[in-house]
Amino acid sequence: RVELKGGAGKAGSSSRHHQDQHHHYLRANTRVVVTGLPHSCSWQDLKDHMREGGDVMFVDVERPGVGIVRYGSYADAQAAVKLLDGSIFADCLGDVQIRVRPEEADLGGGSARS
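Add 86 to the 1-based position in the sequence shown for the working numbering, that's all there is to it.
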């Protein structure tokens, strides 16, 4: 009787942990890393450029030259990589070629948070 309650709690906790991992996996697979950006690039400029790949949900310029873009779906993220990797990003200082790749290539084990 007490074992059933404890067992159910453990199973629920395990199931919730699995759902959290699955959500993290799906979220990570909707994100792309953009490199080679001009240092003057704003998140708004990056968002405008990356819309060609699909439905952009979030954009951040993490540090000069590097941005993160989250798409609404895995398919949009994959399309962005295919369409925009090697594309020309127009900036007021000139045009530069950018690289776009899936973020999961940059992820470690993800075990730092538990």
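The beta carbon of each residue, even a glycine, is placed where N, CA and C say it ideally should be.
Tell me the DSSP secondary structure of residue i in three-state form.
i: ASP146; result: strand
i: GLY153; result: strand
i: GLY140; result: coil
i: ASP171; result: coil
Contact defined as beta carbons within less than 8 Å: I believe residue i pairs with residue j. What is the distance between those atoms, to the nearest angstrom?
i: VAL145; j: GLY158; result: The pair is not a contact, with the Cβ atoms about 13 Å apart (cut-off 8 Å).
Skipping 5 residues on each side, what residues in its chain have a beta carbon closer than 7 Å to that of residue i?
i: VAL167; result: VAL118, VAL186, ARG187, PRO188
i: LEU179; result: PRO124, SER126
Closer than 6 Å by C-beta to residue i: which residues in its own chain qualify, once you throw out the five before and the five after it? Chain order, please.
i: LYS133; result: VAL142, VAL145
Within the same chain, show all residues whose beta-carbon is closer than 8 Å to that of residue i, passing over the 5 residues directly before and after it, in chain order.
i: THR116; result: MET143, ARG156, TYR157, GLY158, SER159, TYR160, ASP162, ALA163
Alpha carbons only, please: which of the options is nearest the one belonging to residue i?
i: ALA165; options: GLY139, THR121, GLN130, SER128; result: GLY139
i: GLY147; options: SER128, LEU169, ARG137; result: Reading the sequence as shown, one finds Val at residue 147 and not Gly. Taking only the C-alpha atoms, the option nearest VAL147 is SER128.
i: GLN130; options: PHE175, GLN183, GLU190; result: PHE175
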